[in-house]
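Q: Numbering of the sequence shown is given in this note's numbering, commencing with residue 11 and proceeding in unit increments.
All C-beta atoms in this analysis are idealised placements derived from N, C-alpha and C, irrespective of residue type, glycine included.
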Amino acid sequence: MRWIEKRPLPKYLLGANARLDVAFRYWSDKRQGGLLPARADVDTPAFRMLIGPCDWIDVRQSERESWPLGPLLPYAGFIGARIDTSLGELLRSDLATVAFTGATLFQSITIGSVDRPELHHMMALPHADDGRRVGEILLLANLVAPVSEASECRAAVTG
11 MRWIEKRPLP
21 KYLLGANARL
31 DVAFRYWSDK
41 RQGGLLPARA
51 DVDTPAFRML
61 IGPCDWIDVR
71 QSERESWPLG
81 PLLPYAGFIG
91 ARIDTSLGEL
101 LRSDLATVAF
111 TGATLFQSIT
121 IGSVDRPELH
131 HMMALPHADD
141 GRRVGEILLL
151 ANLVAPVSEA
161 SECRAAVTG
């Protein structure tokens, strides 16, 4: 049986995930006067060295169904137990909300099967050339704990 759990991840837990914490701090430092930073201000060689591979979603040009999901793409077809919606649809809906509101998104996602769950942390950071209208979203996702460690981490994050 495959299953999904998706929960908000409080910002204070980003410190436990160095890659996401560094990306968020870098992004925050580039904001001026509460405006969203442009991709050109963030997507620099130094930033790429600090965080490694990442996915940029151009919400102005591409159709929502084609938005990349990074390392979560292999799980996009998993269906939630309580709702008849795939993880891919849920995540793209979340990203559409980020694009519309300009708000950041932090979430904990447990995916897999009873014998092999995996805990992932995901972060979406909006970017805007004019500081207001979101044009691109930086998507980062990390595997936090595989297999049996995931249930222990999930209890720590949600408990």
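Could you spell out where the alpha helix (DSSP H) holding Glu99 opens and where it closes?
A: Mapped onto the sequence shown, residue 99 falls at position 89. That run of the alpha helix (DSSP H) goes 97-111.
Q: Pop quiz: Ala134 and Gly145 are said to be a contact at Cβ under 8 Å. What is the actual Cβ separation, rounded to whole angstroms?
A: If you number the sequence shown from 1, residue 134 lands on position 124. If you number the sequence shown from 1, residue 145 lands on position 135. Incorrect: roughly 14 Å between the Cβ atoms, too far for contact.
Q: Assign Ile93 to one of two classes, buried (16 or more other C-beta atoms within 10 Å of its C-beta) or exposed (fewer than that).
A: Counted from its first residue, the sequence shown places residue 93 at position 83. Classification for Ile93: exposed.
Q: If you reduce the DSSP assignment to three classes, tell me which class Asp139 lands in.
A: In the sequence shown, the residue the question calls residue 139 occupies position 129. Coil.
Q: Does Thr120 pass the burial test, meaning 16 or more other C-beta atoms within 10 Å, or should it be called exposed?
A: Reading the sequence shown from its first residue, position 110 is the one you call residue 120. By the 10 Å Cβ count, Thr120 comes out buried.
Q: Helix, strand or coil: how does DSSP classify Val144 here?
A: Taking the sequence shown and counting its residues from 1, the one referred to as residue 144 is at position 134. Here Val144 sits in coil by DSSP.
Q: Thinking C-beta only, is Leu46 closer than 8 Å to Gly249?
A: Residue 249 lies beyond the range of the chain shown here (11 to 169); nothing can be said about it.
Q: Return helix, strand or coil for Trp37, following the three-state DSSP convention.
A: Indexing the sequence shown from 1 puts residue 37 at position 27. If DSSP states are grouped into helix, strand and coil, Trp37 belongs with the helices.
Q: Enumerate in chain order the residues of its own chain whose CB-to-CB distance from Leu153 is below 8 Å, with the five nearest sequence positions on each side excluded.
A: Numbered from 1 along the sequence shown, position 143 holds the residue referred to as residue 153. Same-chain partners within the cutoff: Pro81, Glu128, Leu129, His130.
Q: Just to confirm my understanding: we take Gly141, look at its own chain, exclude 5 residues before and 5 after, and list those with CB closer than 7 Å. What are they?
A: The residue you call residue 141 lines up with position 131 of the sequence shown. If we look at Gly141 and ignore the five residues flanking it on each side, its Cβ neighbours are Leu45, Leu46.
Q: Ordered along the chain, which non-local residues of its own chain (more than five positions away) have a Cβ less than 6 Å from that of Ala109?
A: Within the sequence shown, the letter at position 99 stands for residue 109. Cβ neighbours of Ala109 beyond the five flanking positions: Val69, Val144.
Q: At which residues does the alpha helix (DSSP H) containing Ile61 begin and terminate?
A: As a first step, residue 61 must be located in the sequence shown, where it is residue number 51. 55-61 is the extent of the alpha helix (DSSP H) around Ile61.
Q: Which residue or residues does DSSP assign as beta-bridge partners of Ala155?
A: Working through the sequence shown from its first residue, we reach residue 155 at position 145. Leu129, per the DSSP bridge assignment.
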